[in-house]
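To convert a position in the sequence shown, counted from 1, into our numbering, add 578.
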Amino acid sequence: MPTEFDDKLNEIKQKCLNCQKCSLCHSKTNTVFSAGVPNAKIMLIGEAPGYYEDQQGEPFVGKAGKLLDQILGCVGFSRKENIYICNTLKCRPPENRDPLPEEKEACWEYLKAQVDILQPRIILLCGRVAVNSFIDTKLGITKLRGKWYEGPHFSKMMPIFHPSYLLRNDSKEKGSPKWLMWQDIKEVRRVYDQMN
Ligand code: SF4
């Protein structure tokens with residue numbers, strides 16, 4: 579039986595799927611609302627749908643999505659069981675350009691609602707666009723990643739590298755982006771395991 583929680587989430591999802599608040603609604607194929615388990619303790623927030631996400635209506639598919647699933651799987655996380663995934667922007671910017679400030683502002687309503695309804699205990703900010711939606715900083719992701727910040731609803735928030743960046747930096751040597759990502763995801767698992 580649907581709970582009040584399901585009703586609220588469905589309501590905002592339906593509103594988002596019919597949204598015309600910015601011009602991206604005219605160029606998108608699908609609105610990409612979320613994937614994964616709504617009542618998960620962890621929410622991972624990416625940037626905006628790319629080509630494959632737009633085609634399939636699901637966040638983090640294609641090569642970057644596969645890499646993300648592998649990284650999460652290494653510590654026992656999966657979008658089928660214990661993680662909720664969404665993006666800062668729900669419609670694809672043409673040619674995968676950076677979201678414009680007015681697009682981010684228009685779409686913030688949906689991301690905020692997802693966070694407020696689901697109230698995850700851990701929020702992973704995947705890449706610069708997601709980080710800048712929650713943390714007011716000029717520092718780059720390399721400086722911010724791997725540290726915990728205070729998030730909404732007493733959550734713990736950590737910036738992490740975007741898997742697309744890791745695909746462009748293939749080294750696994752100590753200190754490389756992939757090695758750092760491995761440290762970060764192990765730390766996320768450690769904190770997750772301490773939560774009841
Ligand atoms: S990107 Fe967000 S604000 Fe713009 S049309 Fe899509 S759902 Fe609406």
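From the three backbone atoms N, C-alpha and C, an ideal C-beta is built for every residue, glycine too.
(message) Using only the alpha-carbon positions, how far apart do residue 717 and residue 698 sit?
(response) 25 angstroms
(message) Let's see if you can read the secondary structure: which residues bound the alpha helix (DSSP H) around residue 588?
(response) 582 to 595
(message) For the structure I just gave you, are there three or more beta carbon pairs, one from the region 661 to 676 and one from the region 611 to 627, closer than 8 angstroms?
(response) yes
(message) Just to confirm before moving on: does the CB-CB distance between residue 682 and residue 594 stay below 7 angstroms?
(response) no
(message) Residues in the same chain with beta-carbon distance under 6 angstroms from residue 724, minus the five sequence neighbours each way, listed in chain order, please.
(response) 762
(request) Provide the residue span of the alpha helix (DSSP H) that contains residue 652, from first to last. (result) 640 to 652
(message) Tell me whether the region 649 to 669 and the region 689 to 698 touch, counting them as touching only if at least three CB pairs, one residue from each stretch, are closer than 8 angstroms.
(response) yes
(request) Would you give the residue range spanned by the beta strand (DSSP E) that residue 702 belongs to? (result) 700 to 704
(request) Return the first residue and the last residue of the beta strand (DSSP E) that residue 737 is part of. (result) 734 to 738
(request) Identify, in the order they occur along the chain, each residue of the same chain with its Cβ nearer than 6 angstroms to the Cβ of residue 693, setting aside the five sequence neighbours on each side. (result) 730
(message) Let's see if you can read the secondary structure: which residues bound the beta strand (DSSP E) around residue 661?
(response) 661 to 665
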